[in-house]
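A short worksheet on the structure shown next.
What follows is the structure, encoded as structure tokens:
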């Protein structure tokens, strides 16, 4: 624990007037010369704001008190717990305390026989509740699943009747329905339960968490009383959907843990995703509701795992037709009511609370207190690890119960001094007064003893001279006296030194538990090694034997030898800094210089010796050595082949360049021109032939049409009435008829 002790004396009564540490343990301060009467050690304080005695029985008019105290005030020293004989939390369960039981039933088709059983067990259920308390109430709700694919068949006929065809009494598909608010009327309960009909869905998991969430947050609709033990009895034979499953139906909006009830139906069942287990657990705890999971044998392990994540919950195994549900509820309630678990809500930052049970079976201190008894006590320890700016409050109480203890917490972080006012105190050089162990100087004077006269100077400018990079005064290792740091002495006897007390000679790196390996001296947190040694802790003898390459260079000229190992420049790898996998290949980076040196062309041709000094040696060869050579294209688009090797040093190369370049052949201009002319001519002839062919086809079509029309014409054979035959016929005597 951080213990704060403050000495009001500033100086020892010796001639040296050494400054002493103000904050330390009581023994150390006394040893250094502080009078016990001048030491301030604020004690933790505890007081009751509300501490009403516990009730024995539940009264009709007044709300019973089951937890004591109801409100306390704590003021603590940081790091020191609050526990002592007075910090005891008492809990006594009141006999006959009201109970609200909400029966939440899965009405999917597989629960048909269970529904028939519960219709006949209403009387037994009420009798069992009356055996627990005379002030019992019961409500009823049911659930199936979201009415969207793939959870439920969305065919209109199937939505209206999701059961088998042979089932006569089947209600339409639904998510969660609140059937009956809390009532003491047994006949009303039996009447509403008898009206219930089975329903159905497609997949096995049900919308269980949707139903629990709405039953927890819709308190006004359900009818939970303010002062009662609240129970949800969930009966089902299947698992449950949880947060994220809604995405299967395209439902992306997360559950917001709010009530959405319209005509007693969960109205946002198809718009909002299922809640997570954490959300359900949070709302059950927030609303002091204890769930009892009554499930079939095949689902027992699933719900036991769920129960581990939900405080104050129980699991019971249903028979095949749920006829044992009444006995199951009684046993589960007895287990819940016999165990008290005390915890807290959200704590302020840097605050811890632990509980030590004072029950017969005992228990260790933990962040929760558990006792198996109806009347128990707990030692509560509250610890604030850091100072708090204001009073902060939080609640402590048993899970599943409304009764809470309010803790108002604050911290001791300021001096609480009652100094005798003495102007111009002798310990302040007659230039100020003592205020809570420190000098409060008169105007124009500063310093721990008001020893510094600042005249017209500003005090802040003097303090600034003692601060390095606008940090703390003298790095927190000395006192700022008139703008000059007076450094403290270290426990080992040496002192801090430097302009801002930034140096000391005791925290250098150690080797074999020796400062600077015993082979050097510590100077301002760094080792200065003796001749022949090196390393951050002078742990190595100077040697470069393991750093030399076959050529005799140290780390190939691309690193330094430290502790007989190469420390390569960035990118190169040990042991000899020969390779650099992450570096660009010199085949690419040195291509322009190869062109410049080998053929005096390229962008560096005018200043090759300066721009390409990294290639300090090259040779033109007829044939390159075996292996895949590098190649680049020069300004004439010729391929230049070469090999390049890195010498010692970061940018130092030698190259062999092939004399013969591989240049592309020039095109045949005459062949191109002749081919172009021939090509244009051929294309022109083809175009003319195409045009001629088109005209021929058109003429042929017209001719065929003419001949067709001619064949269809019928000429008249009547003689022309004005035509007269010849009266004289003359024959040519020379015509032979041939």
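Numbering (my numbering), first residue to last: 100 to 837.
All C-beta atoms in this analysis are idealised placements derived from N, C-alpha and C, irrespective of residue type, glycine included.
For residue 219, is the classification buried or exposed, using 16 other Cβ atoms within 10 angstroms of its Cβ as the cut-off for buried? The residue is exposed, with fewer than 16 neighbouring Cβ atoms inside 10 Å.
Using a 10 Å radius around the Cβ and a threshold of 16 neighbouring Cβ atoms, would you call residue 261 buried or exposed? Looking at its Cβ environment, which holds 16 or more other Cβ atoms inside 10 Å, residue 261 is buried.
Check whether the segment 760-774 and the segment 712-724 touch, using three or more Cβ-Cβ pairs below 8 Å as the test. Proximity of the segment 760-774 to the segment 712-724 falls short of the contact definition, fewer than three beta-carbon pairs being nearer than 8 Å.
Between residue 234 and residue 227, what straight-line distance do the alpha-carbon atoms span, to the nearest angstrom? One C-alpha to the other measures close to 12 Å.
How many Å lie between residue 400 and residue 497 at the Cα? Those two C-alpha atoms are separated by around 27 Å.
Would DSSP call residue 104 helix, strand or coil? Bear in mind that the predicted position of residue 104 carries a pLDDT of just 42, short of 50, making it unreliable; the figure below should be weighed with that in mind. Reduced to three states, the DSSP call for residue 104 is coil.
For residue 534, the residue or residues it bridges with in DSSP: 537.
Going by CA-CA distance only, name the one from 687, 563, 203, 446 that's closest to residue 237. Of the candidates 687, 563, 203, 446, the one whose C-alpha sits nearest the C-alpha of residue 237 is 203.
Please check the pair residue 178 and residue 488, which I expect to be a contact at CB under 8 Å, by giving their CB distance rounded to whole angstroms. That pair is no contact at about 17 Å.
For residue 859, count neighbouring Cβ atoms within 10 angstroms of its own Cβ and tell me buried if that reaches 16, exposed if not. In this structure the chain extends from 100 to 837, so residue 859 is not present and cannot be described.
Can you check which of these residues, 208, 831, 325, is closest to residue 197 by C-alpha distance? The alpha carbon of residue 197 has as its nearest neighbour, out of 208, 831, 325, the alpha carbon of 325.
Can you grab the Cα-Cα spacing for the pair residue 230 / residue 224, in whole Å? Going by the C-alpha atoms only, they are around 10 Å apart.
Flag this pair as yes or no: are the beta carbons of residue 449 and residue 172 separated by less than 8 Å? Their beta carbons are not under 8 Å apart, which means residue 449 does not touch residue 172 by this criterion.
Would you say the beta carbon of residue 380 comes nearer than 7 Å to a heavy atom of the ligand HEM? Questions concerning the ligand HEM fall outside what the structure shown contains, since it holds no ligand whatsoever.
Is the segment 653-673 touching the segment 625-639 in the sense that three or more CB pairs, one from each, lie closer than 8 Å? Yes, the segment 625-639 is in contact with the segment 653-673.
With DSSP as the reference, label residue 808 as helix, strand or coil. Assignment of residue 808 by DSSP, reduced to helix, strand and coil, places it in the helix class.
Buried or exposed, going by whether 16 or more other CB atoms sit within 10 Å of the CB of residue 184? With a pLDDT of 40 at residue 184, under the threshold of 50, the modelled position of this residue cannot be trusted; read the value that follows with caution. Per the 10 Å Cβ criterion, exposed.
Quick one: Cα of residue 382 to Cα of residue 313, how far? C-alpha separation (whole angstroms): 10 Å.
When you compare each of 364, 416, 392 to residue 405 by their alpha carbons, which one comes out closest? With distances taken between Cα atoms, residue 405 lies closest to 392.
Hey, how far is the Cα of residue 402 from the Cα of residue 431? About 14 Å.
Could you have a look at residue 185 and say whether DSSP puts it in helix, strand or coil? Reliability fails at residue 185, whose pLDDT of 49 lies under 50, so the model's placement of it is uncertain and the value that follows must be treated cautiously. When secondary structure is reduced to three states using DSSP, residue 185 falls in the coil class, being assigned neither helix nor strand.
Cβ contact check for the segment 712-720 and the segment 745-762: 3 or more pairs under 8 Å: Between the segment 712-720 and the segment 745-762, the count of Cβ pairs shorter than 8 Å is three or higher; the stretches touch.
My output table needs one value for residue 500: the three-state DSSP class, helix, strand or coil. The answer is coil: DSSP assigns residue 500 none of H, G, I, E or B.
Assuming contact is defined by CB atoms lying nearer than 8 Å, are residue 329 and residue 270 in contact in what I supplied? No, Cβ-Cβ distance for residue 329 and residue 270 is not below 8 Å.
Alpha carbon to alpha carbon, how far is residue 176 from residue 503? Going by C-alpha positions, residue 176 is about 25 Å away from residue 503.
Alpha-carbon to alpha-carbon, residue 456 and residue 442: Approximately 12 Å, taken between the alpha carbons.
Ignore the nearest five residues each way along the sequence and tell me which others in residue 620's own chain have a CB closer than 7 Å to its CB. Residues of the same chain with a CB within less than 7 Å of the CB of residue 620, apart from the 5 flanking positions on each side, are 627 in chain order.
DSSP on residue 507, reduced to helix/strand/coil? Here residue 507 carries a strand assignment [DSSP, helix/strand/coil].
Inter-residue CB distance, residue 242 and residue 334 (contact presumed, cutoff 8 Å): Incorrect: roughly 11 Å between the Cβ atoms, too far for contact.
Identify the continuous beta strand (DSSP E) that holds residue 611 and give its terminal residues. First-last for residue 611: undefined, no H or E at that position.
Where residue 741 and residue 667 are concerned, what is the direct C-alpha to C-alpha distance, given to the nearest angstrom? Residue 741 and residue 667: Cα-Cα distance of roughly 28 Å.
Check the C-beta distance from residue 586 over to residue 565 and give it rounded, since I have them as a contact under 8 Å. Rounded, the Cβ-Cβ distance is 11 Å, inconsistent with contact.
Please list the terminal residues of the continuous alpha helix (DSSP H) segment that includes residue 259. That run of the alpha helix (DSSP H) goes 255-259.
Per DSSP, residue 602 is paired with what? Secondary-structure assignment with DSSP links residue 602 through a beta bridge to 596.
Reduced DSSP secondary structure (H/G/I, E/B, other) of residue 704: Judged by DSSP in its simplified three-state form, residue 704 adopts coil rather than helix or strand.
Does the segment 296-303 come within contact of the segment 267-282, defined as at least 3 CB pairs closer than 8 Å? Touching, yes.
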